[in-house]
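Step one of this worksheet: look at the structure below.
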Amino acid sequence: AFRHQTIGRSILGTPETVKSFTSKQLHDFIERQYGAERMVIVAAGDIKHDKFVREVENRLGGFRSKADSTIPQYAQYVGGDFREDRDLMDAQIVLGFEGRAYHVRDFYASQVLSMILGGGMSSRLFQEVREKRGLCYSVYAFHWGFSDTGIFGVHAATGQSDIAKLVPVIIDELQ
30 AFRHQTIGRS
40 ILGTPETVKS
50 FTSKQLHDFI
60 ERQYGAERMV
70 IVAAGDIKHD
80 KFVREVENRL
90 GGFRSKADST
100 IPQYAQYVGG
110 DFREDRDLMD
120 AQIVLGFEGR
130 AYHVRDFYAS
140 QVLSMILGGG
150 MSSRLFQEVR
160 EKRGLCYSVY
170 AFHWGFSDTG
180 IFGVHAATGQ
190 SDIAKLVPVI
200 IDELQ
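Residue numbers (the numbering used here): 30 to 204.
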């Protein structure tokens, strides 16, 4: 959905890249990215407020007041078709579409649509695709909002022999 963009990259990294990090690189990253204005410190329960504040100041008082500010590079939804063939009995299918950023008005409508379509056992997709037609063993819809974009989609897990029947039914429900 976001090929060749920061948001489209794995957050895990590869074993090679993780092993290649030096402590200086990690320290420099923390220095650049973390500052007091990007932190929220919360305490709950039976605490002594003044003592808690002193402890936080003692431990975190050395943090810079402001982290580096960089101009964000906004993500562009590009869609596409990705297939990975494996010698398995089942298939994982995702139909994805550009979603809404979490701060726009339509974000909540997309969240509601996600729940109606595939938010549980009473959802339209679950009832039509799994219960009525028996075309998959798992189906759900999702909508993830980010600061500048979002992704809306449907995921289904099915047997290889049911893919050709399953996809048109999902598309019908989306329409």
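Note that beta-carbon positions come from the ideal geometry of N, C-alpha and C, so glycine has one too. Predicted model, so just to flag it, every value in this text is computed and none were measured.
Item	Value
Since L146 and E66 should fall inside the 8 Å C-beta cutoff, what is the C-beta to C-beta distance between them, to a whole number of angstroms?	Contact flag wrong, Cβ pair sits at about 38 Å.
According to DSSP, is D114 helix, strand or coil?	coil
Pull up the distance between the alpha-carbon of I192 and that of Q204, whole angstroms please.	19 Å
In the DSSP assignment, find the beta strand (DSSP E) that holds T187 and state where it starts and stops.	179-188
Put V133 into one of helix, strand or coil per three-state DSSP.	coil
Report yes or no: do three or more beta-carbon pairs, one from the segment 171-184 and one from the segment 124-139, lie closer than 8 Å?	yes
CA-CA distance, H78 and E113?	54 Å
Can you tell which of T46, E84, Q62 has its C-alpha closest to the C-alpha of A72?	E84
For the candidate residues R115, Q105, H33, whose alpha-carbon lies nearest to that of F175?	Q105
Taking C-beta to C-beta, are F31 and V107 nearer than 8 Å?	yes
Based on the DSSP secondary-structure assignment, which residues constitute the bridge partners of H172?	F181
Am I right that A120 and Q189 are in contact with their C-beta atoms under 8 Å? What's the rounded C-beta distance?	6 Å
Return the CA-CA distance between R159 and D135, expressed in angstroms with no decimal places.	29 Å
Does L89 come out as helix, strand or coil in the three-state DSSP assignment?	helix
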